[in-house]
Each structure stands twice: as C-alpha cells, then as structure tokens.
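*Asks:* Protein sequences appear in the order of chains A and B.
My numbering runs 479 ahead of the 1-based position in the first sequence.
My numbering runs 479 ahead of the 1-based position in the second sequence.
Every residue gets a Cβ at the ideal spot worked out from N, C-alpha and C, and that includes glycine.
There are 2 protein chains.
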Amino acid sequence: MQTTNNLDIKNARQHIEADLKELIEKHSYQNFFHEIYDYSLLPAGKLFRPLLAYATAMDFGINLDNKDAHNSIKSFSCALEIHHTYTLIHDDMPCMDDDQYRRGRLSTHAKFGQWQALLAGDALHGLSFNLINKIKCNNKYEILNYAHWCLGAKGLILGQALDLDHQMTESFENLVLTHKLKTARLIQLAIVGAYLQTENTTFQQAKALHRLGHHMGVAFQLLDDLCELEDEKLSEHESVVNPWLTRQTQCFNELKRNLEYQKHFFEKYGCENLRFVYGQYLGKILSIIENSKETIISHLSQLKNEEDVETAQAASLDPIISLLNTLTL
Amino acid sequence: MQTTNNLDIKNARQHIEADLKELIEKHSYQNFFHEIYDYSLLPAGKLFRPLLAYATAMDFGINLDNKDAHNSIKSFSCALEIHHTYTLIHDDMPCMDDDQYRRGRLSTHAKFGQWQALLAGDALHGLSFNLINKIKCNNKYEILNYAHWCLGAKGLILGQALDLDHQMTESFENLVLTHKLKTARLIQLAIVGAYLQTENTTFQQAKALHRLGHHMGVAFQLLDDLCELEDEKLSEHESVVNPWLTRQTQCFNELKRNLEYQKHFFEKYGCENLRFVYGQYLGKILSIIENSKETIISHLSQLKNEEDVETAQAASLDPIISLLNTLTL
Numbered sequence: 480m481q482t483t484n485n486l487d488i489k490n491a492r493q494h495i496e497a498d499l500k501e502l503i504e505k506h507s508y509q510n511f512f513h514e515i516y517d518y519s520l521l522p523a524g525k526l527f528r529p530l531l532a533y534a535t536a537m538d539f540g541i542n543l544d545n546k547d548a549h550n551s552i553k554s555f556s557c558a559l560e561i562h563h564t565y566t567l568i569h570d571d572m573p574c575m576d577d578d579q580y581r582r583g584r585l586s587t588h589a590k591f592g593q594w595q596a597l598l599a600g601d602a603l604h605g606l607s608f609n610l611i612n613k614i615k616c617n618n619k620y621e622i623l624n625y626a627h628w629c630l631g632a633k634g635l636i637l638g639q640a641l642d643l644d645h646q647m648t649e650s651f652e653n654l655v656l657t658h659k660l661k662t663a664r665l666i667q668l669a670i671v672g673a674y675l676q677t678e679n680t681t682f683q684q685a686k687a688l689h690r691l692g693h694h695m696g697v698a699f700q701l702l703d704d705l706c707e708l709e710d711e712k713l714s715e716h717e718s719v720v721n722p723w724l725t726r727q728t729q730c731f732n733e734l735k736r737n738l739e740y741q742k743h744f745f746e747k748y749g750c751e752n753l754r755f756v757y758g759q760y761l762g763k764i765l766s767i768i769e770n771s772k773e774t775i776i777s778h779l780s781q782l783k784n785e786e787d788v789e790t791a792q793a794a795s796l797d798p799i800i801s802l803l804n805t806l807t808l
Numbered sequence: 480m481q482t483t484n485n486l487d488i489k490n491a492r493q494h495i496e497a498d499l500k501e502l503i504e505k506h507s508y509q510n511f512f513h514e515i516y517d518y519s520l521l522p523a524g525k526l527f528r529p530l531l532a533y534a535t536a537m538d539f540g541i542n543l544d545n546k547d548a549h550n551s552i553k554s555f556s557c558a559l560e561i562h563h564t565y566t567l568i569h570d571d572m573p574c575m576d577d578d579q580y581r582r583g584r585l586s587t588h589a590k591f592g593q594w595q596a597l598l599a600g601d602a603l604h605g606l607s608f609n610l611i612n613k614i615k616c617n618n619k620y621e622i623l624n625y626a627h628w629c630l631g632a633k634g635l636i637l638g639q640a641l642d643l644d645h646q647m648t649e650s651f652e653n654l655v656l657t658h659k660l661k662t663a664r665l666i667q668l669a670i671v672g673a674y675l676q677t678e679n680t681t682f683q684q685a686k687a688l689h690r691l692g693h694h695m696g697v698a699f700q701l702l703d704d705l706c707e708l709e710d711e712k713l714s715e716h717e718s719v720v721n722p723w724l725t726r727q728t729q730c731f732n733e734l735k736r737n738l739e740y741q742k743h744f745f746e747k748y749g750c751e752n753l754r755f756v757y758g759q760y761l762g763k764i765l766s767i768i769e770n771s772k773e774t775i776i777s778h779l780s781q782l783k784n785e786e787d788v789e790t791a792q793a794a795s796l797d798p799i800i801s802l803l804n805t806l807t808l
C-alpha cells in the first residue's frame, strides 16, 4: 500500500526527536530550564501528534523539498509535542492530579520541584505558540487562531478544568465533552493545522479533518478506558470511574459512531499516511482487546446501573473489533 | 505641553477596562473561567503597561480613525494587561511566592483554589498571545516574535525563576538581571510592540525604545525598593532583602544611569505621551521620596557591607530627586 511518497514512521520519529533536542537547547538560557525540558520531553514518547501532522501534510502533497514548507511543518510538529508536554507537567502537579510518576519515571515536579515544574510548563506553553508563529504559509493567521481556540479556555484548558471539577463523571455528555476538549482538540490541531500548510486548501476538506480529529480523540480515550479492563482485578478507583462499567451502552454506541466516521473518512478521502499512523496505534489497541477479550467481557457483564436493553449487543465486542480491523488494514 | 493628539489617561483607562470586560466574556465558556478572570483582572489596576502602549502608538502617529489600527492597539494593550495578570496569578501560588493577598484582596488561588488559579493563569497566558495574533499590521510576525522573546524562558519566566531560586540576591548583577527580565521585558514589549504597529518604523528607533523600556523597568523596581524605606520601622525581611541597605552605591549609580538615559531619550525623541504616562508614575514616587526623605536617608545611613567611598554622595538623594523632577515636568 505504501508508495514513494510515504511516511517512514521510524525515521520520522528520529527526526522529530532530534528537532526537539535542538529546539530546547536553542530556547533555554543559562541552562536554567534546559535540564527540565530535556527530562520532560526526552526520550520522546510515541510522538503521536507530530506524526499525525507529518502524515497529513504528506497526504495533501506538501513539498518537503521547499525549505520554508519543510521548516514550517517541522516547527509545527515540535510545537504539538511541546504543548502536549506542558499540559502533562501541569496536570501532574500536586494541586492538579497529584501524580508522582509519569511513564514509569518521576514526574517533573517530583524530580525538580513544584515552582520549577510550573515555570517550565509556562515556558513550554509559550514556546509552542512561538513555534507555530515560525510557520511560513498563507494560512498562518488561521492556524494560530485555530490553535488558540483548540488549546485555550474554550478548548483543552476547559477540558482539564471539567476533569478536575468532576463534572466529567456527572453525565455521559460531560464525559464525551471532556474527552473532546482535553484530548481531541490537540489531535484536531495536529491534522487541521498541518493541512492548512498545504496548497489549495478548501474549507470543506478542513471541516472533514476537523471532524475526523474529533472522532479520533474521543475514540482514543474510550479505547483507553476499554483497555483498562484487560486486568482481571481492577483497582477500586478504576471500578468507580471507568465509564464502560456504568455507561456501557452509551460508551459502546459512541465508540462505534467514532470508528464508523473514521472508516467513512478514509474511504472517501484516502489519506494513506494518516490512516497508517493512526492505524499503528489502533493495531496495538486491537491486540490488547483481542488478547484479553474474555477478561474484558467478564467485566462488562457485571453491569451496574445499566438500564439499557441492548446489553447483550454491547457486551459483545465484535462490532468494535471488526471496525478496528478495517481501520488497521 | 499637551496638544491636540494627546492621550487622555482617565478616558483611556476607562476604555481599556471596558475592553478587558468585553474580552473576558468573549473568551470564556460555560462561565467556567469567567468569574476568576473577572476577579483577577477587574477592577483594573493602574493599567500601566496598556497606557504605555497607547501613549507610544500616539507619539508615533498611529491613526486611530483607521479601524484596523485602532483594533490592533486595543487588542495589544489588553494582551499586556492579561499577560501581566497571568504572571501575578502564578506568582502568588503556594509553590511560588505563596501570597494570600494581592492589592488588599485574597489572591486568586486563595479565593478560588489552586488548580483553578493554575488553569486560569494558563488560559490568560494563551489568551494574551491570541490577542497579539489579532493585530493587523505588517510587522505582526516581528511583534509576536519579540513578545515570545520578552516573555518566555529567556525573558520574564527566567526572571521569575531567578527570583525564586534566590539567585537574584547573590550579586548586584543578578539583581539587575532579574529586574530586567521580570519587570523590564513586559514594559519593553508594551512600547516596542506599540511602536512596531505604527507606520514607517526604523530599526534605530525601535532599538532606542527597547533601551528605554529596559531603563524604565529597572528604575521601576529600584524606585519601588527605595520607597519601601519610607517606613520608619522595616520588617526583618525588608532589612535583609532591600538592596538599598546592602548595595547602596550600586543601587544609586544604577538608578541614576537609568534615569539619565530616560532624560536623554525624551530630550532626543520627544514622545510627550509616553513621557506623560511614565511621568505620572514617577510623580507619585517623587512625592513619596520627598515626603519621607529624612526617614529614607536615616535607613541609608545605617550602612551594612558598604565598602564604597562614595557613601556620602549615595546617601544624599538629591541627584535622584533632581532627575525625577526633570522627568515629571
């Protein structure tokens, strides 16, 4: 399926990681934040959002031989990862989620101290917009404006607030709203922002990608919650907050709707690179679900507060597995 | 001295306050941050930085009848106040300066909670750059770039870090460096950023304003420290950290140099509005110093670690008072 103009994910990851390394050296001073940046950003994680940006840009024919275009997508991709990292640093702080560990290592505040984490987060927040400002393309104003909408007080930050305010668990609508804001917005920015750097953009295509990003982001979180059920014994916290245990049919229908839109999108628009990057992620999810299918179903069968009659259908994971199979092909 | 094209400070303050009120309604959602924004930004303080921006723009002939030009300077001025407010909210947090009060009221985290303050600060931080992105002028890229340099990890945020790390008190050079970063950078942005929105800008003029902002910012803090000595009895903390008590000659010489540059600047470039706005502030300082001259000098006479032979001159405030008089005329 991969033809000449395809994204080599392994290679792209190495490049993005090298770009991040270069950037944090350039944008810190007197080594003050350098160590914190280095620790928090590197070694890089999956680089999911930067890869989505590169994939989208390539799907819409960005000319990487053009220096300005190449530097723009590079700068934009790093901005996404840097912004993501700032939100994680602030999220982990004692006054927020109070997490001492992230990815198996001490979280930034636990390692360096709280004011250091707060200020390094602030600095990375500013740096991400600084990097978006480096983009050279006709739509730069629109990209920056969209970025602020996605990431500000009506976007990602509102999602963080709804989560901490426990509004997220009050209703299924609030759960989806929180996922949309806290997770989907940055994914939307990755793909719509990258698309807007290509030539001959249309409003209709941007809108379809915006919608795709929404469905990817919400599915991302619902699948994450579903995979949590692979453990035979759930923690008390997981038993209480995992939405699949209390709002199973709604989760099932919402996830199905999200995946169906994605299927529809890729059938209509192609976008092989984007499909490939996202498919890699979905492939991992699929193997978890398939390997732990019985355990997951046994959790799902112990319904709580489930009033819906479609329980039997919901408890069967087959429609989800079938959609995931289509999307990872 | 005031001619037709002059800034009416009282009127401008009312307009800026109304603009801020409008903006925070527009840029919050579901009333989530609205109350925090409202409490933290309003009633507006001196609006020193927005007024500097308006004054500079008028001194360099901005055409406020042009809708784009007017909206741009409006948006930019609000960005300055909003950015300033975000830094104060984060500065007051328990893991930073741990201040329960600001301007005689509970600080934001004391009033609303810590995660609310952290996220509202983040949201205002993003909003300030969003508003700068709304500027319509040829130099927008340069303004945004300069803003990031002034306010990021090599600018204001580094200043906050040096302060919290107690590096600020290690040497006089570090004290001036901290004032330069933590205070002067935002003042520099106010005047250089406003200038860059006017027509026919030159690099040389921008550089002179950049330098003026530096001297204004450092003088601002040194004068603030000097005014602290108006109280006959100083707190133990003030006795230890006030630089005028331990590095008197250096403070004196630095402040004198700062004020002399300002005098030189206004003699050379005019800029009556800018001079007027800054002069209003200096006028208040001058009256404090004149009214408490004897008390201040009595503190200055009790020298600690003062090795300099120019003590007698330094202890006399006359050269400073004379310069302040010139600048407030």
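Of all the CB atoms in chain B, is at least one closer than 8 Å to the CB of HIS627 of chain A?
*Replies:* What you label residue 627 of chain A is simply residue 148 of the first sequence in a count that begins at 1. Interface residue, yes.
*Asks:* With a threshold of 7 Å on Cβ separation, who are the neighbours of ARG581 of chain A within its own chain once the five nearest residues in sequence on each side are excluded?
*Replies:* Taking the first sequence and counting its residues from 1, one reaches residue 581 of chain A at position 102. LEU567 and ASP571.
*Asks:* Which partner residues of LEU530 of chain A appear in the DSSP bridge assignment?
*Replies:* The count along the first sequence starts at 1 and reaches residue 530 of chain A at position 51. Answer is none; LEU530 of chain A lacks a bridge partner.
*Asks:* Below 7 Å between beta carbons is the criterion; list the residues of the stretch 634-657 of chain A that meet it against any residue of chain B, in chain order.
*Replies:* Result list: ILE636, LEU637, GLN639, ALA640 and LEU643.
*Asks:* Using a beta-carbon distance below 8 Å, is LEU668 of chain B in contact with chain A?
*Replies:* As a first step, residue 668 of chain B must be located in the second sequence, where it is residue number 189. It does not; no Cβ of chain A falls within 8 Å.
*Asks:* Kindly list, in the order they appear in chain A, the residues whose Cβ is closer than 7 Å to that of SER507 of chain B.
*Replies:* As a working mapping, residue 507 of chain B is identified with position 28 in the second sequence. Neighbours of SER507 of chain B on chain A, chain order: ALA632.
*Asks:* Would you list the residues sitting across from ARG726 of chain B in a DSSP beta bridge?
*Replies:* Counting from one through the second sequence, the residue named residue 726 of chain B turns up at place 247. Beta-bridge pairing links ARG726 of chain B to no other residue.
*Asks:* Counting only the same chain and skipping the five closest in sequence on each side, list residues whose C-beta sits under 7 Å from that of SER586 of chain B.
*Replies:* Within the second sequence, the letter at position 107 stands for residue 586 of chain B. ASP571, ASP578, GLN579 and TYR580, listed in sequence order.
*Asks:* Is the stretch 510-523 of chain B touching the stretch 799-807 of chain A, taking contact as three or more C-beta pairs under 8 Å?
*Replies:* Touching, no, given that fewer than three Cβ pairs across the two stretches are closer than 8 Å.
*Asks:* In this structure, does DSSP put ARG582 of chain A in helix, strand or coil?
*Replies:* Looking up residue 582 of chain A in the first sequence gives position 103. ARG582 of chain A: coil per DSSP, three-state reduction.
*Asks:* Could you check whether THR677 of chain A and ALA536 of chain A sit closer than 8 Å to each other, using their CB atoms as the reference points?
*Replies:* Counting from 1 along the first sequence, the entry for residue 536 of chain A is found at position 57. Counting from 1 along the first sequence, the entry for residue 677 of chain A is found at position 198. Contact flag set, yes.
*Asks:* By the 10 Å Cβ neighbour count, where 16 or more other Cβ atoms means buried, how is LEU808 of chain B classified, buried or exposed?
*Replies:* Residue mapping note: residue 808 of chain B aligns to position 329 of the second sequence, counting from 1. Flag for LEU808 of chain B reads exposed.
*Asks:* Does CYS574 of chain A come within less than 8 Å of chain B when only Cβ atoms are used?
*Replies:* Position 95 of the first sequence, counted from the start, is the residue given in the question as residue 574 of chain A. Yes, contact with chain B.
*Asks:* So which residues on chain B does TYR674 of chain A lean against when the C-beta distance must stay under 8 Å?
*Replies:* Start at 1 with the first residue of the first sequence, and residue 674 of chain A comes out as number 195. In chain order: nothing, as chain B lies at least about 19 Å away.
*Asks:* Less than 8 Å separating the beta-carbons of LEU806 of chain B and ILE768 of chain B?
*Replies:* Residue numbering aside, residue 806 of chain B sits at position 327 when the second sequence is read from its first letter. Residue numbering aside, residue 768 of chain B sits at position 289 when the second sequence is read from its first letter. It is not a contact, given that the beta carbons lie outside the stated cut-off.
*Asks:* Is there a C-beta anywhere in chain A that falls below 8 Å from the one on ALA663 of chain B?
*Replies:* Here residue 663 of chain B refers to the residue found at position 184 of the second sequence. Not an interface residue.
*Asks:* Measuring only between beta-carbons, confirm whether TRP594 of chain B sits less than 8 Å from chain A.
*Replies:* Locating residue 594 of chain B in the second sequence gives position 115, counting from the first residue. Answer yes: the Cβ-Cβ gap between TRP594 of chain B and chain A drops below 8 Å somewhere.
*Asks:* Which residues in chain A have a C-beta closer than 7 Å to the C-beta of ALA467 of chain B? List them in chain order.
*Replies:* Limits of chain B in this structure are 480 at one end and 808 at the other, which puts residue 467 of chain B out of reach.
*Asks:* Say whether the stretch 654-665 of chain A touches the stretch 536-547 of chain A, bearing in mind that this needs 3 or more beta-carbon pairs closer than 8 Å, one atom from each stretch.
*Replies:* These segments do not touch.
*Asks:* Work out the CA separation of GLU773 of chain B and GLU560 of chain A for me, nearest whole Å.
*Replies:* On the first sequence, position 81 is the one that residue 560 of chain A refers to. On the second sequence, position 294 is the one that residue 773 of chain B refers to. Computed Cα separation, rounded: 57 Å.
*Asks:* Based on Cα-Cα distance, which residue from B:PRO573, B:GLU746 and B:LEU598 lies nearest to ALA589 of chain B?
*Replies:* In the second sequence, the residue the question calls residue 589 of chain B occupies position 110. The residue with the shortest Cα to Cα distance from ALA589 of chain B is B:PRO573.
*Asks:* Quick one: give me the first and last residue of the alpha helix (DSSP H) that PHE608 of chain A is part of.
*Replies:* Taking the first residue of the first sequence as position 1, residue 608 of chain A is located at position 129. Start and end: 593-612.
*Asks:* Below 8 Å between beta carbons: does that hold for ILE622 of chain A and ILE611 of chain A?
*Replies:* Here the question's residue 622 of chain A lines up with position 143 in the first sequence. Here the question's residue 611 of chain A lines up with position 132 in the first sequence. In this structure, ILE611 of chain A lies closer than 8 Å to ILE622 of chain A by Cβ.
*Asks:* What did DSSP end up calling HIS542 of chain B once you bin it into helix, strand or coil?
*Replies:* Stepping through the second sequence from its first residue, residue 542 of chain B is reached at position 63. His is not the amino acid found at residue 542 of chain B; the sequence shown has Asn there. Three-state DSSP puts ASN542 of chain B in coil, outside helix and strand.
*Asks:* Identify whether LYS615 of chain A lies in helix, strand or coil by the three-state DSSP scheme.
*Replies:* By one-based count along the first sequence, residue 615 of chain A stands at place 136. Three-state result, LYS615 of chain A: coil.
*Asks:* Closer than 8 Å by beta-carbon distance: list the chain A residues that pair up with HIS689 of chain B, in chain order.
*Replies:* Locating residue 689 of chain B in the second sequence gives position 210, counting from the first residue. Result: empty, since nearest Cβ-Cβ is about 18 Å, beyond 8 Å.
*Asks:* Do you know how far the Cα of HIS513 of chain B is from the Cα of GLU504 of chain B?
*Replies:* Working through the second sequence from its first residue, we reach residue 504 of chain B at position 25. Working through the second sequence from its first residue, we reach residue 513 of chain B at position 34. Each residue's alpha carbon lies about 7 Å from the other.
*Asks:* So what does DSSP say about ILE799 of chain B, is it helix, strand or coil?
*Replies:* The residue given as residue 799 of chain B occupies position 320 in the second sequence. In the structure shown, ILE799 of chain B sits in a helix (DSSP, three-state: H, G or I).
*Asks:* LEU623 of chain B versus chain A: which residues are under 9 Å apart at the beta carbon?
*Replies:* As a working mapping, residue 623 of chain B is identified with position 144 in the second sequence. Residues of chain A passing the Cβ test: PHE608, ASN609, ASN612 and LEU623.
*Asks:* Take ASP498 of chain B and list the residues in its own chain whose beta-carbon comes closer than 8 Å to its own, dropping the five residues that flank it on each side.
*Replies:* Within the second sequence, numbered from 1, the residue matching residue 498 of chain B stands at position 19. LYS553, SER556 and CYS557, listed in sequence order.
*Asks:* Mind checking PRO522 of chain B: buried by the 16 CB within 10 Å criterion, or exposed?
*Replies:* Numbered from its first residue, the second sequence carries residue 522 of chain B at position 43. Looking at its Cβ environment, which holds fewer than 16 other Cβ atoms inside 10 Å, PRO522 of chain B is exposed.
*Asks:* Mind listing the chain A neighbours of TYR620 of chain B? Cutoff is C-beta to C-beta under 8 Å, in chain order.
*Replies:* Locating residue 620 of chain B in the second sequence gives position 141, counting from the first residue. Correct list: ASN612.
*Asks:* For PHE744 of chain A, collect the residues of the same chain with a Cβ closer than 7 Å to its Cβ; drop the 5 residues on either side in sequence, then sort them by chain order.
*Replies:* The sequence position of residue 744 of chain A within the first sequence is 265, counting from 1. Answer for PHE744 of chain A: ALA687 and LEU691, listed in chain order.
*Asks:* Give every residue of the same chain whose Cβ lies closer than 6 Å to the Cβ of ILE670 of chain A, excluding the five residues on either side of it in the sequence, and list them in chain order.
*Replies:* In the first sequence, the residue the question calls residue 670 of chain A occupies position 191. Within the same chain, ILE670 of chain A has close Cβ partners LEU531, THR535, LEU688 and GLY692.
*Asks:* Where do the N-terminal and C-terminal ends of the alpha helix (DSSP H) with PHE699 of chain A fall, by residue?
*Replies:* Indexing the first sequence from 1 puts residue 699 of chain A at position 220. That run of the alpha helix (DSSP H) goes 682-707.
*Asks:* Check whether the stretch 587-607 of chain B and the stretch 647-654 of chain B are in contact - that is, three or more C-beta pairs closer than 8 Å.
*Replies:* No, because fewer than three Cβ pairs between the stretch 587-607 of chain B and the stretch 647-654 of chain B fall closer than 8 Å, the two stretches do not touch.
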